[in-house]
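A short write-up of the structure that comes next.
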Amino acid sequence: MARRKKIYEGKAKTLYEGPEPGTIVQYFKDDATAFNAQKKDVIEGKGVLNNLLSEYFMLGLINIGVPTHFLRRLNMREQLVRSCEIIPLEVIVRNFAAGSLATRLGIEEGTQLPRPVVEYCYKDDKLGDPLVTEEHIAAFGWASQQDMDDILSLALRVNDFLSGVMYGVGIKLIDFKIEIGRVFDGDFQRLVVADEISPDSCRLWDIETGQKLDKDVFRRDLGSLTDAYTEVARRLGVLPKGTAPAKPTLIN
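Residue 216 in numbering that gives the first Met the number 0 sits at position 217 of the sequence shown, with consecutive numbering throughout.
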């Protein structure tokens with residue numbers, strides 16, 4: 000197999016030049032990180048599960064008219080996505096208090112919020128992805144006011160979709176984060192949901208037991224991360240009951 004040109008390697012994914020102009024191959028790694036990569040491990044099969052789950056969510060969003068960068072899944076660890084200019088923000092939607100919000104505001108974890116709260120963090124690992132306001136975003140030119148209106152609308156639509164899907168399989172969507180990209184068709188720009196949507200980027204709790212089915216399992220040493228992600232995939236029908244995720248290794 001011809002060696003492909005690597006564009007970028009992050010904590011959980013590696014990006015390669017795609018086979019057609021304007022495309023990228025997104026490879027899901029088994030690496031797990033927490034606390035801004037201070038805690039690291041390799042969890043066999045994690046990349047396969049995140050690839051399958053992200054495909055499921057992205058296709059679901061496309062089906063309800065929410066634009067994404069997703070084109071198609073290539074194999075168990077890779078998907079083909081549209082090349083886009085990533086806005087340097089993490090867009091966080093919170094339905095219940097957890098994580099940094101609970102700590103910052105002294106709210107008991109698990110408290111339902113009066114309405115979804117949307118927060119923005121500046122994407123910079125060296126700075127620890129600091130929380131920023133719309134005033135910062137406008138002042139530094141990261142996004143226009145029209146962009147921010149569109150980002151808010153996209154984030155809330157994703158929240159409605161994910162909340163409903165998860166509730167239907169007995170899972171409470173506590174919070175999640177997404178990234179937004181700009182796609183250019185000539186002079187025309189549109190915003191799309193980019194990166195991934197998976198248990199790496201969501202907090203998911205079992206409705207009945209409160210069991211955590213997301214990366215907090217790794218952060219807090221609560222058991223097997225693969226088992227937690229597999230449970231989410233099985234409930235959604237991404238993995239048939241009684242099957243284990245395949246764990247191929249690609250050599251590039």
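Here a beta-carbon is modelled for each residue, glycine too, at the ideal position from N, C-alpha and C.
Counting along the chain, the unbroken alpha helix (DSSP H) around L100 starts and ends at 98-104. Per the DSSP secondary-structure output, C83 pairs with nothing in a beta bridge. Looking at E133, E108, E107, P113, the one whose alpha-carbon comes closest to that of Y119 is E133.
Pairing V80 with R103, the inter-Cα distance amounts to about 36 Å. DSSP places K28 in the coil class of the three-state scheme, outside both helix and strand.
For T67, the beta-bridge partners assigned by DSSP are V192. Contact between T229 and L238 holds, with the beta-carbon distance rounding to 6 Å and staying under 8 Å. In the structure shown, the three-state DSSP call for N62 is helix. A check of alpha carbon separations from R76 across M57, N50, R181 identifies N50 as the nearest.
Comparing alpha carbon positions, the residue from Q144, Q145, L151 closest to P115 is L151.
Burial check for E84: the Cβ neighbour count within 10 Å stays below 16, so the residue is exposed. One thing to note: V192 has its Cβ within 8 Å of the Cβ of V65. For V216, the enclosing alpha helix (DSSP H) covers residues 215-218. Residue range 224-234 is occupied by the alpha helix (DSSP H) that includes R233. Take F56, set aside five residues on each side of it, and the residues of its chain with a beta-carbon closer than 6 Å to its own are I196, in chain order. In this structure T13 is buried. Its beta-carbon is surrounded by 16 or more other beta-carbon atoms within 10 angstroms. Assignment of G180 by DSSP, reduced to helix, strand and coil, places it in the strand class.
Collapsing the DSSP output to three states places F95 in a strand.
Per DSSP, reduced to three states, the secondary structure at F56 is helical.
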